[in-house]
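Student: Have a look at this one.
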Amino acid sequence: MDYLTACCTAKDEAPIILEWIAFHIAAGFDRLVIIDNGSTDGTPDVIRSFWDQDKIDLIDWPGPGTQVAMYERVAANYRDRTEWLAFIDADEFLYPTEGTDLRETLKAMPNVDGIGVHWHIYGSSGHTEAQPGLVIENYQRRAEPDFIYNRHIKSVVRAAKIVKVYSSHLVAPAAGMVDDVGNELHLGPPYGWYSEKPASHVRLRLNHYHTRSKGEYRTKAMRGYFGVDDEKLATEQRFRDMFEAHDRNEVFDDSAMRFAPEVRASMARLPEI
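Per the working numbering, residue 3 is the first one in the sequence shown, and the count goes up by one each step.
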């Protein structure tokens, strides 16, 4: 049985998905479950090119469907196959605040069933178009810790304890959710799926590279509101409003770069024949 598994939904993430895979293996994940939701840019082929396929389960979900339905399937199928499940997206990079092995951080929380890991929102770092190189080296400026959107959480849960998938943000055990230092989280209306308390990043970090470059964000926004099929949301004004809200660059933070040597080495390996 694996100890730590990530579940990720992806659509048209070919430019960054290999880095995402290499990063999370470097950060201590035993297995990566990637659900491809009808990519047209070759994302599945890129995933299959990674050298260590034993660590990757690729699920094809080409038709309509919500992240909730996708997560429900994974929660049911993996409850007896892994101790922990982390539900994150391809533009989110999860790692321990100290050290390099997320499993050690989780082992230090033996009485916890569900952790709401807060975002660190990263902006464009002034880039107008996609850059060569790693996401973690190109985007090293983020919002202040108390930025309101940092209160959003993603779920890291003991797989056997999951009782309900509420949303892409909240997959909950019966015992409820705590933050990364054990403080109880109260989630839901009127706040949405984020904490009513300031974000905590003491033990765990979830870097959310929400915009990347301005050009990449425009492409992402104009194909709909990130998975929501609604033409009213795929507008230039919506893009401008969302980019302005999320393009936060107040703080220089390159802490993810401690994984860069292993990520580069892993990405450079040719597929094994």
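Every residue, glycine too, gets a C-beta built ideally from N, C-alpha and C.
I'd like the list of long-range same chain contacts for Ser41, defined as Cβ closer than 6 Å, with 5 residues on each side in sequence excluded.
Tutor: So the list reads Lys13, Asp14, once near-sequence residues are dropped.
Student: Ile287 and Gly178: beta carbons closer than 7 Å?
Tutor: Lying outside 3 to 275, the shown extent of the chain, residue 287 is not represented and no answer is given.
Student: Decide if the region 124 to 136 is in contact with the region 165 to 181; the criterion is three or more beta carbon pairs, one per stretch, under 8 Å apart.
Tutor: Contact fails: fewer than three Cβ-Cβ distances are below 8 Å.
Student: Given a cut-off of 7 Å on the beta-carbon distance, is the pair Asp249 and Gly128 in contact?
Tutor: No, the Cβ-Cβ distance between Asp249 and Gly128 is not below 7 Å.
Student: Skipping 5 residues on each side, what residues in its chain have a beta carbon closer than 8 Å to that of Thr84?
Tutor: Met3, Asp4, Tyr5, Leu6, Thr7, Asp32, Arg33, Ala161, listed in sequence order.
Student: Looking at the secondary structure, which residues open and close the beta strand (DSSP E) in which Ser157 lies?
Tutor: 155 to 160 is the span of the beta strand (DSSP E), which, as asked, contains Ser157.
Student: Would Arg242 be called buried (16 or more neighbouring beta carbons within 10 Å of its own) or exposed?
Tutor: Exposed, by the Cβ-count rule.
Student: Which residues does DSSP pair with Thr7 in a beta bridge?
Tutor: Paired residues: Arg33, Leu87.
Student: Applying the 10 Å Cβ sphere with the 16-neighbour rule, what's the burial state of Pro98?
Tutor: Buried.
Student: Roughly how many angstroms separate the alpha carbons of Arg271 and Val137, rounded to a whole number?
Tutor: Arg271 and Val137: Cα-Cα distance of roughly 19 Å.
Student: Counting only runs that start and end within the region 79 to 134, where is the alpha helix (DSSP H) found for 4 or more residues in a row?
Tutor: Correct list: 104 to 109.
Student: Report the residue from Ala110, Cys9, Thr11, Ala28 whose alpha carbon sits nearest the alpha carbon of Ala289.
Tutor: There is no way to answer for residue 289, as the model of the chain reaches only from 3 to 275.
Student: Measure the C-alpha to C-alpha separation of Phe89 and Cys10 and round it to an integer number of angstroms.
Tutor: Rounded to the nearest angstrom, the two C-alpha atoms are 6 Å apart.
Student: Is the beta carbon of His120 less than 7 Å from the beta carbon of Ala24?
Tutor: Contact flag unset, no.
Student: Run through the DSSP bridge pairs and tell me what Val167 is partnered with.
Tutor: Val173.
Student: Just to confirm my understanding: we take Val204, look at its own chain, exclude 5 residues before and 5 after, and list those with CB closer than 7 Å. What are they?
Tutor: Result list for Val204: Thr99, Asp182, Val183, in chain order.
Student: Using 7 Å as the threshold, is the C-beta distance between Ile18 and Ile36 below it?
Tutor: Not in contact: Ile18 and Ile36 (Cβ atoms no closer than 7 Å).
Student: How big is the Cα-Cα spacing for Asp56 and Met224?
Tutor: So the alpha carbons of these two residues sit roughly 35 Å apart.
Student: Within this structure, are the beta carbons of Leu96 and Leu208 separated by less than 7 Å?
Tutor: Contact flag set, yes.
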